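Taking numbering that gives the first Met the number 0, the leading residue of the sequence shown gets 0, the next gets one more, and so forth. Just so you know, even glycine gets a beta-carbon here, dropped at the ideal spot from N, CA and C. Remember, it's a predicted structure, so these values are computed and weren't measured experimentally. Everything below concerns the one structure shown next.
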Amino acid sequence: MMSSTQSKGCIVVAEDSLALRDRVAHVRELLRTAQDFVVPWGYFHDELAMRPDFLSAGAAAENSLIDAAIERIAESRDWSRPQGPQPTVHLPELKFWHGFRIFSGRTGIFFYDQHTCQGLMGVMNELNGPVDLFRFTTVAVPG
């Protein structure tokens, strides 16, 4: 179901939360079964990251498992990272996270699914340049 409102000559269309839930479920399945990570990355970018309803959903949060996984990726590439928290958004009802990170002048954008404990991060040097993709999995270890 969609609704629309008119504002200053523009029509703004808002999808219901079911459509957002379906898109998140689809990217989750694409990542879980991917042989080529370009497929879930492309879907995430086109069907979620560029959509205002997705970007405005959720709230700022921190997740030490995601941060640790991303830190390991940065260390493996010898990339420095700024100290302190960086923007991460949590959609608790979907158990889905997304955000961006800065690495030695590179920009990383990621998403993470709590259902599968898997995430995917794309890192680029230039806005329209090539993207290096990193899939990561988290497992909580006691202590």
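The beta carbon of residue 91 sits closer than 7 Å to none of the beta carbons in its chain outside the five residues before and after it. By the criterion of a C-beta distance shorter than 8 Å, residue 86 is surrounded in its chain by 59, 98, 99, once the five residues flanking it on both sides are discounted. When secondary structure is reduced to three states using DSSP, residue 96 falls in the strand class. The beta-bridge partner set that DSSP reports for residue 111 consists of 96, 118. Per DSSP, residue 137 lies in no beta strand (DSSP E) segment and is marked neither H nor E. Distance from the CA of residue 108 to the CA of residue 120, rounded to the nearest whole angstrom, comes to 6 Å. With the rule of 3 Cβ pairs closer than 8 Å, the stretch 119-139 counts as touching the stretch 52-70. Taken in chain order, the unbroken stretches of alpha helix (DSSP H) that lie wholly in the stretch 22-86 and span 4 residues or more are 37-42, 51-54, 63-75.
Going by C-alpha positions, residue 112 is about 7 Å away from residue 27. The Cβ-Cβ distance between residue 81 and residue 101 falls below 8 Å. Within the same chain, 52, 53, 56 come within 7 Å of residue 19 by CB-CB distance, once the 5 residues on both sides are set aside.
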